Amino acid sequence: IDKRHPERSPVCAVTTLPFREKLLKCCDERGDSWAAEVQNRLHGCIDLVAAEAVYHVNCYSRFVLIKNYNAASTHKKGEGRPEDQGMRQWFDMLCH
């Protein structure tokens with residue numbers, strides 16, 4: 001834990017070369033958007049140990065233990081804040 005920033009999640013350093021392959025295998029098993037994002041980052045670095053890569057312990061646990069994030073998600077359609085159509089139109093106009 002970072003003593004200067006105790007509110008931050010603890011991180012661990014990658015210390016073994018097979019760690020990357022294990023994560024890539026998990027990405028294939030999960031097949032969701034989070035896995036695609038992790039996979040894209042991993043393809044940009046062959047040697048995580050040499051790059052002094054770190055990972056959040058909590059995120060790693062969630063990523064590895066929940067194999068199908070989409071199936072485990074409890075988020076239902078219609079939950080959350082309703083969409084503001086006026087703001088949506090402004091967003092679409094500015095971004096497209």
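Following the UniProt record's numbering, the numbering of the sequence shown begins with 1 at its first residue and continues without gaps.
Cβ coordinates follow ideal geometry from the N, Cα and C atoms, glycine included.
Given the structure is predicted, the values throughout are model-derived calculations rather than measurements.
State the DSSP-derived secondary structure class of residue i, mapped to helix, strand or coil.
| i | result |
| --- | --- |
| A36 | helix |
| T74 | Note that T74 scores 48 on pLDDT, short of 50, meaning its location in the model is unreliable; the coordinates nonetheless yield the value given after this. In the structure shown, T74 sits in coil (DSSP, three-state: anything other than H, G, I, E or B). |
| C45 | coil |
| V54 | strand |
| V64 | helix |
I think residue i touches residue j, with their Cβ atoms under 8 Å apart; what is that distance to the nearest whole Å?
| i | j | result |
| --- | --- | --- |
| Q39 | L24 | 6 Å |
If distances are taken between C-alpha atoms only, which option among the options comes closest to residue i?
| i | options | result |
| --- | --- | --- |
| F19 | D92, C45, E7 and D32 | C45 |
| E52 | T15, D32, M93 and L94 | T15 |
| D47 | F63, S61 and E21 | E21 |
| E13 | A50, M93 and D28 | The sequence as given places Ala at residue 13; Glu does not occur at that position. Ranking the options by Cα distance to A13, first place goes to A50. |
Could you tell me whether the Cβ atoms of residue i and residue j are closer together than 9 Å?
| i | j | result |
| --- | --- | --- |
| C95 | V64 | no |
| A36 | E29 | no |
Just checking, does the stretch 53 to 63 make contact with the stretch 4 to 16 on the three C-beta pairs under 8 Å criterion?
-> yes
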